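Residue numbers for the sequence shown follow our numbering, beginning at 6 and rising by one. Right, one structure below, let's go through it.
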Amino acid sequence: MKLLSPTISRLARMRYWRIEQWMQNPIAAQREVLQDLVTHGQYTEIGRKYGLNNLFKVSDFKKAIPIHTYEDLNPYIKRLMQGEQNLLWNTPVNWFAKSSGTTSDKSKFIPITNESLTDCHYQASKDVLSMYYNYNPNSDLLTGKGLLIGGSHQIIPVNEEAHYGDLSAVLFQNTPIWANWLRTPELSIALMDEWEIKIETIAQNTIQEDVTS
């Protein structure tokens, strides 16, 4: 791991150059995101409803698309959970993250696509790492293993293709295999349901590990 750290540090700082471009040109960066969202969304049911294929300009998008609450989108989400596709996004939705109730007593189910995993959750982690290494180029952060603690490991089938669970469980279930080399403890321990037992088990299983993050 110590041999890999300088290489990872250099790669992380290379990524930071891209982040700096967004910081210096925030309007252009936001337009780029809008173009991508419209390009994907125009082929969906909700995209056709609002004529998304004609809304590549920010001003047109703002006029045509109202703000949607979870309750507004819930009918689409229920249909997604029944196996329908191309409702809110144009690629398969096979995962749903179950949130604890916040604005209401009922839990919410958030559709998770491959794009949301790759371009949002995982990319955000890489970007945080890039910013950290930019300011701490000689850090030993990745010379050892990262401590992994998640929520519940329970994954429940929704239909033949889709499942739902705690967001951390969804993320860990879809993490690349090579990431297991960089973290500890094993997934079954990190996602144990009982918190007190989990903490004790993690301590016992990682006491001999070189944990640096």
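Even glycine gets a Cβ: it sits at the ideal position worked out from N, Cα and C. Predicted model only: the values in this text are computed from it and were never measured.
For Phe-114, the enclosing beta strand (DSSP E) stretches over residues 113-117. Burial state of Trp-100 is buried, judged by a 10 Å Cβ sphere holding 16 or more other Cβ atoms. Following the DSSP letters along the chain, one finds Tyr-169 inside the beta strand (DSSP E) bounded by residues 168-170. In this structure, DSSP gives Val-216 an extended state, which the three-state scheme calls strand. Straight across, the Cα-Cα distance linking Asn-185 with Glu-191 is about 8 Å. Rounded to the nearest whole angstrom, the CA to CA distance from Leu-176 to Leu-122 is 7 Å. Non-local beta-carbon contacts of Gly-88 in its own chain, meaning distances under 6 Å to residues more than five positions away in sequence, involve Asn-164 in chain order. When only Cα atoms are considered, Asn-141 and Asn-210 end up about 29 Å apart. Between Asn-91 and Tyr-55, the C-beta gap is not smaller than 8 Å, which leaves the two residues out of contact.
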